Structure formats: structure tokens, C-alpha cells
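Take the sequence shown: its position 87, counted from the start at 1, is 139 in my numbering, and no numbers get skipped.
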Amino acid sequence: MKNIKTLAPIVLAVLVALSFYKLYSDRSAVKNEYTSYVTEARKYAEQGIIVDAIDNYSKALQMHDTLELSLEVGKFYVDMKDIVSAIGWGEMLIEKYPKEPAAYDFLVDIYLKNNDYNSTYALIDKIKGLGLSTKNTESIIDRVKYLYFFGDSYEDAGSFNEGLCTVKYEEAYGAVDTSGSKSVPFKFQEVGTFIDGIAPVKDTDGSCYYIDKEGNKKIVIKDVKDIIKLGNFGGEYYPVCTGPVWNYYNTEFKKVLGDYQYASTMANGFASVMEDSYYYIIDTNGKKLTNQKYDGIVEDYKGIIFRNNSFFVEMNDGLYYLLDSTGKKVTNEGYISAELFLDETYAAVETKKGWCFIDNTGKKVFGDLYFEDANSFSNGFAAVKKDGMWGFINIDGEVAIDYSFEDAHNFSPDGTVFVKSEDIWKLLLLYSYNYDV
53 MKNIKTLAPI VLAVLVALSF YKLYSDRSAV KNEYTSYVTE ARKYAEQGII
103 VDAIDNYSKA LQMHDTLELS LEVGKFYVDM KDIVSAIGWG EMLIEKYPKE
153 PAAYDFLVDI YLKNNDYNST YALIDKIKGL GLSTKNTESI IDRVKYLYFF
203 GDSYEDAGSF NEGLCTVKYE EAYGAVDTSG SKSVPFKFQE VGTFIDGIAP
253 VKDTDGSCYY IDKEGNKKIV IKDVKDIIKL GNFGGEYYPV CTGPVWNYYN
303 TEFKKVLGDY QYASTMANGF ASVMEDSYYY IIDTNGKKLT NQKYDGIVED
353 YKGIIFRNNS FFVEMNDGLY YLLDSTGKKV TNEGYISAEL FLDETYAAVE
403 TKKGWCFIDN TGKKVFGDLY FEDANSFSNG FAAVKKDGMW GFINIDGEVA
453 IDYSFEDAHN FSPDGTVFVK SEDIWKLLLL YSYNYDV
């Protein structure tokens with residue numbers, strides 16, 4: 053009995069050792085089998101034998117599924133130029149590994165190589181939302197942030213405001229939104245700019261009134277006869293032209309200011325009016341900012357003359373000067389021509405060297421960068437002309453969209469702008485703002 057008790061631990065130790073040996077042997081066999089499949093897969097992949105390579109990759113993954121080997125399979129599909137399978141594989145990877153940046157990097161690369169910009173941007177936004185951006189993601193964003201496509205074309209077009217832009221189609225004017233969808237029917241002789249949800253129009257029989265964003269008649273200036281033109285509503289006053297005279301009416305349709313030869317949009321507290329063939333700056337009470345008379349006052353496409361604490365006026369020497377809100381010159385430098393600030397960034401001005409950009413202190417930006425023509429910055433871009441063609445620069449003065457258009461307007465906040473090409477106006481849409489999947 054004593055001998056049996058002595059042998060029991062020995063037998064147990066032997067049995068344990070044998071079980072570990074078998075387990076180790078089984079694992080070694082599995083590892084060897086896995087390695088064999090991977091080796092065979094790579095051998096077939098190197099020869100371009102797709103079916104056998106994928107078969108061996110699949111067997112290896114069934115035994116030991118890793119992101120590293122899965123990415124190798126995806127890259128093999130790419131090498132074989134099987135983009136459809138590569139995309140399907142990549143989409144499977146981000147479902148299987150939803151928190152692995154490498155899986156997303158693989159798929160976004162494939163979308164881009166396939167020129168599928170809609171899917172590229174959709175995935176980039178998803179990556180950003182998950183906080184999984186990598187250097188590769190940022191590199192792709194830099195490469196594709198200015199890619200664009202074209203929407204509908206029109207005979208004439210302006211710039212967007214409040215999401216709508218006046219366009220001309222088959223000799224009539226209407227308006228489209230930033231996606232290019234029709235908002236206002238094409239049935240007017242003239243359509244102004246939408247401000248506070250309304251725009252002035254002249255219909256086919258010459259009647260003038262204001263419409264809403266669907267093209268419905270919204271406001272009629274009551275008890276005023278012989279209206280031949282309406283100006284843009286500036287949030288407080290309606291500029292109304294009856295024959296040679298312009299007047300301002302308030303929202304109760306009472307004349308508050310007037311008998312001018314011309315009157316601009318009253319906005320941001322100021323307007324431009326003409327008396328005795330000279331221009332003056334007036335405030336909302338009709339008081340002249342100064343007694344200085346001007347040969348011209350720069351307006352933007354909305355008829356606004358004051359923005360970013362700045363005016364541009366033409367003096368009797370034929371040059372344009374930058375003024376502050378009190379009507380004083382900001383600097384003594386005169387410009388051949390100028391465009392009003394469209395936001396708080398930079399305005400375009402023309403000098404003897406060409407068009408360049410300044411801030412509202414009159415300081416020139418972008419060093420010695422000059423153009424044949426230019427628009428002021430709007431929503432991070434400025435249209436500029438070089439070698440007879442228009443393109444766009446970004447807020448750093450770098451070329452964003454190459455010089456390839458006959459003319460160009462101002463970017464909307466939604467990454468859309470009308471450009472002229474082959475003598476028609478086309479809606480240009482940046483993928484980064486306007487992808488659709």
C-alpha cells in the first residue's frame with residue numbers, strides 16, 4: 053500500500069506531462085498548418101493565382117483571424133486590380149474591426165483609387181466622428197478637399213445668398229438652391245438677391261414686388277404708382293424707383309427718405325445715394341456721414357456698401373480709398389479699383405502691379421501675389437484671374453481650384469459657386485460639402 057501511495061504522484065506527474073506534451077504538439081501542429089496556409093497563399097499571390105491564393109488565405113484566417121492578415125488579403129485584391137472585391141473586403145473589415153484605424157485607412161484609400169469621391173468623403177466624416185483619424189487620413193483630406201463636380205448649367209447666374217442664387221434659363225429668371233434644385237420658377241424679367249427671405253422681382257408684365265423663397269408674391273409696396281424697379285430689402289427699408297427718383301419705404305410702406313437720383317440697399321446702418329450726380333453715404337435717418345461727395349461708392353452684389361467696418365469710395369482723382377465707419381481714410385493709398393469686403397477677411401483691390409488683397413487696416417496680404425482680376429474673399433475662397441482664366445485661391449493665398457474658367461462668382465457657405473465655362477454658367481460643387489451616398 054505504501055508503494056502504491058508513493059507511485060501515485062509519479063503517475064499523476066507523468067499524465068500531466070503527457071497532456072501538456074499533447075497540447076503543445078497539437079498547438080505546434082496547428083501553428084505549422086497555419087504557417088503552411090499563409091506560405092502557400094503568398095506563393096500563389098506572388099504568381100497572381102487568385103483562386104488558390106484566396107483559398108489558402110481563407111483557411112489561414114479560419115484558424116487565426118487577425119487584422120494584419122486580413123489587410124494583406126485586401127492589398128492582394130488591390131494588386132490584382134480587383135477593386136470591387138477590395139472595396140467589399142474593406143467594408144467587411146470596418147464592420148469586423150470598428151475601432152481599428154488601419155481598417156478605415158485601407159478602405160478610404162480604395163475609395164479614392166476608384167475615384168469614388170462620395171464614398172471617400174462619407175467615410176472621412178465617419179472616421180472623424182469616431183476619432184480615428186491618422187496621418188494617412190489627414191493626407192487624403194489634404195489631397196481631396198478641393199475636388200469638385202458640376203451641377204446644372206444656365207444662361208446667366210449670380211452669387212448665392214441665404215442659400216439661393218438668381219439664374220437665367222430660357223430667357224427668364226428664377227432661383228436655385230445650393231444643390232442646384234429649382235426654388236423660384238423661371239418666369240421673371242428680373243430677380244434680385246434674397247435678404248431676410250425676400251427678393252425684388254419684375255414679372256413679365258413689368259409689375260414689381262417682392263417674392264419669398266418659393267417664388268410666391270409676398271410684399272407689394274402699397275399706394276405707390278409707376279414703380280419701375282425695386283432694390284434689395286436691407287432688413288429695414290425698401291428702395292423703390294419711380295421714374296428718375298428713388299425713395300426708401302419702411303415696413304409699413306411709408307416713405308421715410310427719398311428724392312434721390314439713385315439709392316442702394318440700406319444695410320449694416322448705411323446706404324449710398326446720388327444727388328446732383330454725386331454719391332453720398334447716408335445712415336438710416338438719411339443723415340450724411342460726411343459732407344464729402346464721391347464719384348462712386350463700391351457696392352457688393354447685394355447692393356451693400358458697408359461691411360467689416362469699411363467703405364470703398366471713388367474720389368475726384370479717380371482713385372478708390374478705404375474708409376472706416378466714420379468716413380475717414382484708413383490709409384492714404386488710392387486704388388485703381390476695389391471690391392467691398394464680403395466677410396471679415398480680405399478685400400480685393402487693384403494697384404499698378406495688379407489685383408491683390410488687403411485687410412480692413414489697409415495692410416496688404418500674401419506678399420507679392422498679384423492677379424489680373426479678383427473678387428474679395430467669401431467663405432474661405434476668392435475668385436482670381438490669371439493668364440486670362442479664373443480660378444480660386446484659399447485663405448492662405450494658395451491655388452485651390454486651378455485657372456480654367458471664363459468667369460467666376462463667390463463661394464457659398466455650402467461649398468457651391470457658379471463659374472462660366474464654354475460661355476455658360478455652371479454650378480460647381482465641392483465634394484467635401486456636397487457628397488451624396
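We put the beta carbon where it would ideally sit given N, CA and C, even for glycine. Note that the structure is a prediction, hence the values are computed from the model and not measured.
Taking the beta strand (DSSP E) that residue i belongs to, which residues open and close that run?
i: Phe-238; result: 234–243
i: Asp-194; result: Taken as a continuous stretch (DSSP letters only), Asp-194 belongs to no beta strand (DSSP E), being part of the alpha helix (DSSP H) at 187–196.
i: Glu-366; result: 363–366
i: Ala-482; result: Strictly speaking, residue 482 in this sequence is Leu, with Ala absent from that position. It spans 476–482 - the beta strand (DSSP E) in which Leu-482 sits, taken as one unbroken run.
i: Ser-205; result: 200–206
i: Ser-316; result: Unbroken run through Ser-316: none, as it is neither H nor E.
i: Pro-465; result: Note, Pro-465: premise wrong, no beta strand (DSSP E); not H, not E.
So residue i packs on residue j, CB below 8 angstroms; how close in whole Å?
i: Tyr-169; j: Leu-199; result: 6 angstroms
i: Gly-215; j: Asp-204; result: Between Asp-204 and Gly-215 the Cβ distance is about 16 angstroms, and since that is not below 8 angstroms, they are no contact.
i: Ile-273; j: Ala-319; result: Ile-273 to Ala-319, Cβ: 18 angstroms. No contact.
i: Ile-247; j: Gly-210; result: Wrong, their Cβ atoms sit about 13 angstroms apart, outside the cutoff.
i: Tyr-129; j: Ser-137; result: 5 angstroms
i: Leu-394; j: Phe-429; result: 6 angstroms
i: Tyr-331; j: Tyr-353; result: Their Cβ separation, rounded to whole angstroms, is 18 angstroms, which puts Tyr-331 and Tyr-353 out of contact at 8 angstroms.
Output the distance between the C-alpha atoms of residue i and residue j, rounded to the nearest integer angstrom.
i: Leu-392; j: Ser-324; result: 13 angstroms
i: Asn-337; j: Ser-329; result: 21 angstroms
i: Thr-371; j: Glu-396; result: Correcting the residue type first, residue 371 is Leu in the shown sequence and not Thr. Approximately 23 angstroms between the Cα atoms of the pair.
i: Tyr-76; j: Tyr-86; result: Bear in mind that the predicted position of Tyr-76 carries a pLDDT of just 45, short of 50, making it unreliable; the figure below should be weighed with that in mind. Taking the straight line from one Cα to the other gives about 15 angstroms.
i: Gly-183; j: Met-115; result: 31 angstroms
i: Gly-348; j: Gly-406; result: 21 angstroms
i: Leu-482; j: Gly-295; result: 43 angstroms
i: Glu-327; j: Thr-342; result: 14 angstroms
i: Tyr-206; j: Lys-472; result: 9 angstroms
i: Trp-477; j: Ile-179; result: 35 angstroms
i: Asn-213; j: Thr-317; result: 14 angstroms
i: Lys-187; j: Leu-121; result: 22 angstroms
i: Ile-139; j: Leu-159; result: 7 angstroms
i: Lys-197; j: Glu-450; result: 13 angstroms
i: Cys-408; j: Leu-374; result: 14 angstroms
i: Phe-31; j: Lys-220; result: Not covered by the structure: residue 31. The range shown for the chain is 53 to 489.
i: Glu-424; j: Gly-321; result: 33 angstroms
i: Ser-233; j: Asp-264; result: 16 angstroms
i: Tyr-262; j: Ile-271; result: 5 angstroms
i: Glu-92; j: Trp-141; result: 20 angstroms
i: Thr-256; j: Cys-217; result: 20 angstroms
i: Ile-106; j: Val-90; result: 10 angstroms
i: Leu-119; j: Tyr-173; result: 24 angstroms
i: Lys-111; j: Ala-154; result: 23 angstroms
i: Ser-389; j: Glu-402; result: 5 angstroms
i: Asp-131; j: Lys-95; result: 14 angstroms
i: Lys-74; j: Ser-80; result: The predicted position of Lys-74 is uncertain, since its pLDDT is 42 and thus under 50; a value taken from the coordinates is nonetheless stated next. Cα to Cα, the separation comes out at about 10 angstroms.
i: Leu-67; j: Asp-117; result: Any reading at Leu-67 needs caution, since the residue's pLDDT is 40, under 50, leaving its predicted position unreliable; the model's value is listed next. Leu-67 and Asp-117: Cα-Cα distance of roughly 33 angstroms.
i: Asp-515; j: Ser-171; result: With the chain covering only 53 through 489, there is no way to say anything about residue 515.
Inspect the beta-carbon positions of residue i and residue j and report whether they are closer than 9 angstroms.
i: Asn-302; j: Gly-244; result: no
i: Tyr-487; j: Thr-468; result: no
i: Phe-364; j: Ile-333; result: no
i: Tyr-422; j: Trp-442; result: no
i: Ala-452; j: Asn-427; result: no
i: Val-382; j: Glu-366; result: no
i: Gly-432; j: Asn-446; result: yes
i: Pro-237; j: Gly-258; result: no
i: Ile-102; j: Asp-134; result: yes
Under DSSP, the alpha helix (DSSP H) around residue i begins and ends at which residues?
i: Ala-174; result: 169–182
i: Pro-153; result: 153–165
i: Asp-439; result: Run containing Asp-439: none; DSSP gives neither H nor E here.
i: Phe-128; result: 119–131
i: Ser-324; result: Not the alpha helix (DSSP H): Ser-324 falls in the beta strand (DSSP E), residues 322–327.
i: Asp-104; result: 102–115
i: Gly-140; result: 135–148
Given the structure, does residue i come close to the ligand ATP, in the sense that its CB is under 8 angstroms from one of the ligand's heavy atoms?
i: Ser-185; result: The ligand ATP is absent from the structure shown, which contains no ligand whatsoever.
Should the segment 245–252 be called in touch with the segment 284–301, which here means at least 3 C-beta pairs below 8 angstroms? With the cut-off at 8 angstroms, the segment 245–252 and the segment 284–301 touch.
Is it a yes or a no for the segment 140–156 touching the segment 460–467, going by three-plus beta-carbon pairs under 8 angstroms? Verdict: no, contact absent.
Touch check for the segment 159–175 and the segment 436–449: three-plus C-beta pairs under 8 angstroms? Segments in contact, no.
Check whether the segment 186–196 touches the segment 218–225, counting contact only when three or more Cβ pairs, one atom from each stretch, lie closer than 8 angstroms. No: fewer than three Cβ pairs fall under 8 angstroms.
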